[in-house]
Amino acid sequence: MIDYDPHRWWSYFHYLRGSMVREIVARVLVCVLWAVGVTAAHHYLKPLDVPPTVHTLAGISLSLLLVFRTNASYDRFWEGRKLWGGIVNETRNLARASGVFLRQDAALYGTLLRWISTFPYAATASLRGERDLGPVASELSRDEADAVLGSQHVPLAVSQKMSALLDEGRRRGYYPEYVQMQLDQNVQLLIDYIGGCERIHKTPIPFAYMMHLRRALLVYCYTLPFALVASFGWLTVLATFIVAYIFFGIEEIGVEIEDPFGHDDNDLPLERICETIRANLKALTPGSAEAIHAPVSAVAIPGGGQDA
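Numbered by my numbering, the letters in the sequence shown go through residues 808 to 1115 in order.
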């Protein structure tokens, strides 16, 4: 994600990064060259102009389609941000609530914090088709980290580790079973949120809508010079450039933000969110850094050596 000051107008006009210019420049240039050819043929060969009525009517319909496309994509972008806000909140809640009961056992609590910190990194990698536990992996047991990375769904395997640690706290007598159930509700919500992100990631805008919109855009932009050439003359080239830049740019914005979990310039800053969660959990560690960096082997996690 690109950080910017919305109150500043002129400072960003020269920006290429995140502006969609690089993504649409080829399409716009082809339209401009086509407009040059149509205008030249109209002036030097034979008249090619057509009445602009159809383009006026089609332009209104196309504008509505583009607005719907962009709004649908932004709804997906904003829902993704809300889901990741929920991940931030639930990791904090789980660390805070469990700390009330587990601070007397620094090794167990430290291990739980490490696995909680691992979850957002695992979720980010999973949404990008990767397998990674982030920088916290170096603080985990190598065997357990490898087992989690080898599982079918890495975020789910991480959540199983968290639930196992909460169960270990109950078995050690730090809290009764109903408290464990309440704490595990935070783990359940984490799985709900990653499931919501996967729903967005794996369900693109319907193909028929996308294909029809792009065909309509191409037909409109490539026939526009015929509707303008009689009235605009050589200014048809400039008018075609402006319309093509606006329409192709709007469509490309919708493409970029409809799946906001990748590496595009306008995607969500997932790495920054993960680092925020990690820093928050380190701040909750009792007794400064000693407990969170205690050897993981000091805490036995049930089923820790098997694939989750």
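Ideal Cβ positions, reconstructed from N, Cα and C, are used throughout, including at glycine. Since the model is a prediction, treat every value here as computed from it, not as a measurement.
Item: Element boundaries [alpha helix (DSSP H), containing Phe1068]; Value: Premise fails: Phe1068 is in no alpha helix (DSSP H) and is neither H nor E.
Item: Tyr811 classed as buried or exposed, judged by whether at least 16 other C-beta atoms fall within 10 angstroms; Value: exposed
Item: Reduced DSSP secondary structure (H/G/I, E/B, other) of His1100; Value: The predicted model places His1100 with a pLDDT of 46, which falls under 50 and marks its position as unreliable, so this point remains unresolved.
Item: Ala879 versus Ala1023: straight-line alpha-carbon distance, rounded; Value: 18 angstroms
Item: His814 in three-state terms, based on DSSP; Value: coil
Item: From Cys1081, Leu1077, Val861, residue whose alpha carbon lies closest to that of Val1026; Value: Val861
Item: Buried or exposed (CB count within 10 angstroms, at least 16 for buried), Gln987; Value: buried
Item: Check whether Gly1040 and Thr863 have beta carbons under 9 angstroms apart; Value: no
Item: Cβ contact check for the stretch 1036-1053 and the stretch 836-844: 3 or more pairs under 8 angstroms; Value: yes
Item: CA-to-CA distance, Asp999 to Glu975, given in whole angstroms; Value: 23 angstroms
Item: Three-way DSSP call (helix, strand, coil) for His821 in this model; Value: coil
Item: DSSP three-state assignment for Gln989, whether helix, strand or coil; Value: helix
Item: Cβ neighbours of Arg883 in the same chain (closer than 8 angstroms, five flanking residues each side left out); Value: Ile1007, Ile1064, Glu1065, Asp1066, Pro1067
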